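Here's the structure we're looking at; comments come further down.
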Amino acid sequence: MTHEIQIAPRTYLNTQITRRINVSGIDVDEDLIKELLIKHLQDFNSKQRPKLSDAFEIYMTENTSAHRRKFKLNANQYFKRFVAQFGDMYLDELRHWHITQYRDHRLAEGLHPNSVRKHNNILNAMINMAFKHLDIDRLSPFRGLQIRGEGENTRPIPNITKELMHEVKAFLIAHPTPASMVGLIQLNTGFRISEPTLARLEDLVLDHDIPHLWIRKNELSDRKTRASIRAVPLLGISLEAAKELHSRAKRKNSPWLLP
């Protein structure tokens, strides 16, 4: 539909009615005012409504474990996966449906239910902390998630017998790789695999009446409690394996027990 009429061969008259509003003595097009108002409200909402990225930033700033390497890796991974599936949503748009869909997607990928629970724990804690710091009076929609198969073992764990221990020991000795040396160290110490793996060379003290390995904080590893900082004696095959790793690290001029 045209709003122009021709009143001469090359002359047209626009008949469209434009409403104008007087603002402080100035006549302004009403449509222009509407456009500006809509834009202002949209900008205001986008700035005032926090998003998932805001929640993540708060979580990584305020959480007491945010400096831990493993924690940062997991939190970043779970956050990015959720955003990849749903986008950087506004917090007030989050529903329990979103975490159930996220759960189903991860399970369909083959992730174990216990691992899906770890994802949920981090995401739920992130939302709870954001609500607290942003004074949002609301419970996390990620709470109370049910995960089918959680806690079930997907494969039976064999009984640990002396015979099995001897078999494992013999196999590790026959295959003297760095990983095997770590396994031999674990046999007599009960170390977590990360403890000797992330130890510095200086943490291994061999010129002592009781050779030992210090488990303490460094660039790659942190200690959650004071009790986890300790010196663990080495003896038998564990000591021999530690000496072998020490020699290999020395040959490579590495500051780490496992270069």
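-3 is the number of the first residue of the sequence shown in this note's numbering; add one for each residue after it. Think of the CB as a built atom: it goes at the ideal place given N, C-alpha and C, for glycine as much as any other residue. If you're wondering where the values come from, they're calculated on a predicted model, not measured in any experiment.
Going by DSSP, which residues form a beta bridge with residue i?
i           : result
residue 261 : Outside the displayed range of the chain (-3 to 255) lies residue 261, so it cannot be described from this structure.
residue 47  : 86
residue 4   : 7
residue 154 : The partner list for residue 154 (beta bridge, DSSP) is empty, contrary to what the question assumes.
Since residue i and residue j should fall inside the 8 Å C-beta cutoff, what is the C-beta to C-beta distance between them, to a whole number of angstroms?
i           : j           : result
residue 16  : residue 26  : 6 Å
residue 234 : residue 156 : About 17 Å separates the two Cβ atoms, so there is no contact after all.
residue 153 : residue 113 : 19 Å between Cβ atoms; not a contact.
residue 206 : residue 229 : 5 Å
Comparing C-alpha positions only, which one of the options sits nearest to residue i?
i           : options            : result
residue 72  : 106, 33, 115, 102  : 115
residue 111 : 187, 200, 70       : 70
residue 219 : 169, 60, 240, 152  : 60
residue 122 : 230, 51, 35        : 51
residue 195 : 205, 184, 170, 242 : 242
residue 132 : 46, 207, 248, 56   : 46
residue 197 : 208, 6, 189        : 208
residue 145 : 58, 103, 3, 125    : 103
residue 77  : 55, 118, 170       : 118
residue 294 : 212, 230, 74       : Outside the shown range of the chain (-3 to 255) lies residue 294, about which nothing can therefore be said.
residue 54  : 124, 92, 94, 106   : 124
residue 108 : 169, 89, 148, 248  : 148
residue 92  : 100, 67, 139       : 139
residue 126 : 57, 80, 28, 64     : 57
residue 283 : 238, 221, 94       : As displayed, the chain neither begins before -3 nor continues past 255, which places residue 283 out of reach and without an answer.
When the Cα atoms are used, what is the spatial distance from residue i to residue j?
i           : j           : result
residue 141 : residue 174 : 41 Å
residue 167 : residue 177 : 11 Å
residue 84  : residue 129 : 19 Å
residue 136 : residue 82  : 17 Å
residue 200 : residue 245 : 11 Å
residue 33  : residue 87  : 24 Å
residue 164 : residue 189 : 16 Å
residue 48  : residue 217 : 29 Å
residue 202 : residue 236 : 11 Å
residue 106 : residue 214 : 34 Å
residue 227 : residue 162 : 26 Å
residue 254 : residue 222 : 24 Å
residue 64  : residue 193 : 17 Å
residue 170 : residue 79  : 47 Å
Please classify residue i: is it buried, with 16 or more other beta-carbons within 10 angstroms of its beta-carbon, or exposed?
i           : result
residue 232 : exposed
residue 185 : buried
residue 191 : buried
residue 62  : exposed
residue 6   : exposed
residue 90  : buried
residue 134 : exposed
Would you say residue i faces chain C, with C-beta separation under 8 Å as the test?
i           : result
residue 248 : Annotation note: the requested chain C is absent from the structure, which comprises a single protein chain.
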